[in-house]
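Report on the structure given below.
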Amino acid sequence: MTVTLYHWDLPHALEEQGGWLNADIAVWFEEYARACFVNFGDRVKFWITLNEPYVVAHLGYGIGIFAPGISGSGTSEYIAAHNLLRAHAKAYRLYEREFKNQQGGIIGITLDAGWPIPEDDSQPNIDAAERNIQFDLGWFANPIFSENGDYPQIMKEKIAEKSQLQGYEKSRLPEFTQQEIIELKGSSDFFGHNFYRGFMVADFQSDIGSISQDADKDTFVYADPTWYTTGSSWLNVTPFAMRSILNWIKTTYNNPKIYITENGVSDKAGNLDDFGRVYWYKHYINNVLKATMDGADVKGYFAWSLMDNFEWNAGYTEKFGLHSVNFTDPALPRRPKKSTELFSAIVRSNGFIEGLIPCE
4 MTVTLYHWDL
14 PHALEEQGGW
24 LNADIAVWFE
34 EYARACFVNF
44 GDRVKFWITL
54 NEPYVVAHLG
64 YGIGIFAPGI
74 SGSGTSEYIA
84 AHNLLRAHAK
94 AYRLYEREFK
104 NQQGGIIGIT
114 LDAGWPIPED
124 DSQPNIDAAE
134 RNIQFDLGWF
144 ANPIFSENGD
154 YPQIMKEKIA
164 EKSQLQGYEK
174 SRLPEFTQQE
184 IIELKGSSDF
194 FGHNFYRGFM
204 VADFQSDIGS
214 ISQDADKDTF
224 VYADPTWYTT
234 GSSWLNVTPF
244 AMRSILNWIK
254 TTYNNPKIYI
264 TENGVSDKAG
274 NLDDFGRVYW
284 YKHYINNVLK
294 ATMDGADVKG
304 YFAWSLMDNF
314 EWNAGYTEKF
324 GLHSVNFTDP
334 ALPRRPKKST
344 ELFSAIVRSN
354 GFIEGLIPCE
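If you read the sequence shown in the working numbering, its first letter stands for residue 4, the second for the next number, and so on.
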């Protein structure tokens, strides 16, 4: 059984005290984690501390389109991210110290980022792509999985430089104490990653008056117009990018154990004959296979999702499920889609079988 301790459902009473902007939340999260370990640890052997802290920090406390809806102008999102990481470390060390030997489980974190593809082979655009993934994925991965810990050097340098030019007395990026750096390093038994898409990246010098995490990156991102679209405006079909990002994680962080904790595709109609989803899973899972053949230590794969569900600010309009749900019926009846046949066959055989090889 896999359990995620925090998938964006913060109690309102804690949000009233500042939520992830309050440094005390790391201790509150540790207390909550203890209650979960005590009550459920005999059955749960796979713990995830946080799901997509990037989304919580950037969309919730940066641009403000997710709860709690704070527009942080390049300040609040960095504070929230800092406290999310501190909370993760406390929960991990608690489990390691008091529960792991007795309960025999593993515990880690789930991150997310798309794969940045340089617009061309010019050095500025190659550098921009690397900078983009360091700001999006390295922001949370580097303190945990890198050899030296702490935030990526490029983040520290760029944010400090921009903060000075913008009139701040110190960098908008908080600093970890030496003890926090030590506690964060190695604080995950696996690299959980939610992956969906690739995108094009070009070097772009943001106006110094623009204060945000996006502006700090100095990049411009967009989707190649030739890529297939889906039921979500942000999601294009780019299966090759799965192999690329798994290899980047392998190379950058000394080949950690990787679990793909989410991967899937949306549509609007929710048809049972979901051939687009069949295509998606064939090709994305095949690129996971290719990455493992490249040497990436991929241990598991979770499809998103088992059934159509509530997709945050998109509500029920974007359908990711392997099973259809009739939300107009109070009984919420479920029906399997065509994609369940493919996915269950791959799971049963632990790989592709004759007749299920990726289609063109």
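Yeah, the Cβ is synthetic: ideal placement off N, Cα and C, and Gly gets one too. The structure presented is a predicted model; accordingly, all values stated were derived computationally and were not measured.
Just mark residue i as buried or exposed, buried being the case when its beta carbon has 16 or more other beta carbons within 10 Å.
{"i": "Ala16", "result": "exposed"}
{"i": "Val240", "result": "buried"}
{"i": "Pro121", "result": "buried"}
{"i": "Trp142", "result": "buried"}
{"i": "Glu172", "result": "exposed"}
{"i": "Asn290", "result": "buried"}
{"i": "Pro333", "result": "exposed"}
{"i": "Lys253", "result": "buried"}
{"i": "Val268", "result": "buried"}
{"i": "Leu187", "result": "buried"}
{"i": "Trp237", "result": "exposed"}
{"i": "Gln137", "result": "buried"}
{"i": "Arg338", "result": "exposed"}
{"i": "Ala306", "result": "buried"}
{"i": "Val59", "result": "buried"}
{"i": "Glu164", "result": "exposed"}
{"i": "Val224", "result": "buried"}
{"i": "Gly22", "result": "buried"}
{"i": "Phe278", "result": "exposed"}
Under a three-way DSSP split, which group does residue i fall into?
{"i": "Phe202", "result": "strand"}
{"i": "Met310", "result": "strand"}
{"i": "His61", "result": "helix"}
{"i": "Leu325", "result": "coil"}
{"i": "Gly303", "result": "strand"}
{"i": "Ile129", "result": "helix"}
{"i": "Glu363", "result": "Unreliable placement is indicated for Glu363, whose pLDDT of 49 sits below 50; no coordinate value is reported for it."}
{"i": "Ser209", "result": "coil"}
{"i": "Ser74", "result": "strand"}
{"i": "Thr343", "result": "helix"}
{"i": "His10", "result": "coil"}
{"i": "Gly279", "result": "helix"}
{"i": "Thr295", "result": "helix"}
{"i": "Asp2", "result": "Lying outside 4 to 363, the shown extent of the chain, residue 2 is not represented and no answer is given."}
{"i": "Arg338", "result": "strand"}
{"i": "Tyr95", "result": "helix"}
{"i": "Asp221", "result": "coil"}
{"i": "Gly141", "result": "helix"}
{"i": "Pro119", "result": "strand"}
Since residue i contacts residue j with CB under 8 Å, what's their CB separation in whole angstroms?
{"i": "Thr78", "j": "Arg175", "result": "5 Å"}
{"i": "Ser190", "j": "His91", "result": "7 Å"}
{"i": "Ala36", "j": "Ala83", "result": "No, Ala36 and Ala83 are not in contact; Cβ-Cβ is about 18 Å, not under 8 Å."}
{"i": "Asn197", "j": "Glu265", "result": "4 Å"}
{"i": "Cys276", "j": "Lys341", "result": "It should be pointed out that residue 276 corresponds to Asp in this sequence rather than to Cys. Indeed, because the Cβ distance is near 5 Å, the residues count as touching under 8 Å."}
{"i": "Leu345", "j": "Lys285", "result": "7 Å"}
{"i": "Val328", "j": "Met310", "result": "5 Å"}
{"i": "Gln106", "j": "Asp45", "result": "7 Å"}
{"i": "Met4", "j": "Val41", "result": "At roughly 16 Å, the Cβ-Cβ gap does not stay under 8 Å, so Met4 and Val41 are not in contact."}
{"i": "Tyr256", "j": "Phe194", "result": "7 Å"}
{"i": "Ala144", "j": "Arg89", "result": "Contact doesn't hold; Cβ gap of about 16 Å is too wide."}
{"i": "Leu87", "j": "Pro56", "result": "4 Å"}
For residue i, verify whether its CB is less than 6 Å away from any heavy atom of the ligand MN.
{"i": "Val30", "result": "Looking at this structure, you won't find the ligand MN or any other ligand, since it has none at all."}
Notebook entry, point to check: For the region 231-275, which segments carrying the beta strand (DSSP E) assignment without a break, of at least 3 residues, lie completely within its bounds, in sequence order?
Noted result: Correct list: 261-265.
Check: For the 8 Å Cβ check, are there 3 or more pairs between the region 212-228 and the region 61-75?
Finding: Touching, per the Cβ criterion.
Check: Are the region 225-244 and the region 145-160 in contact at 8 Å, needing three or more beta carbon pairs?
Finding: No, they do not touch.
Next item on the list: Spell out a yes or no on whether the region 49-58 and the region 110-124 are touching, meaning 3 or more CB-CB pairs, one atom from each, closer than 8 Å.
Entry: Contact between the region 49-58 and the region 110-124 is present: three or more C-beta pairs spanning the two stretches fall below 8 Å.
Check: Any contact of the region 201-211 with the region 125-134, i.e. 3+ C-beta pairs under 8 Å?
Finding: Yes, since at least three Cβ pairs between the region 201-211 and the region 125-134 fall closer than 8 Å, the two stretches touch.
Item checked: Runs of alpha helix (DSSP H) wholly within the region 17-68 (minimum 4 residues, chain order) -> DSSP runs (the alpha helix (DSSP H)) wholly in the region 17-68: 28-43.
Note to self: Quick check on the DSSP output: what are the complete alpha helix (DSSP H) runs of length 4 or more inside the region 137-200, in order along the chain?
What the structure shows: Taking only runs of at least 4 residues, the alpha helix (DSSP H) segments lying wholly in the region 137-200 are 142-148, 156-168 and 181-187.
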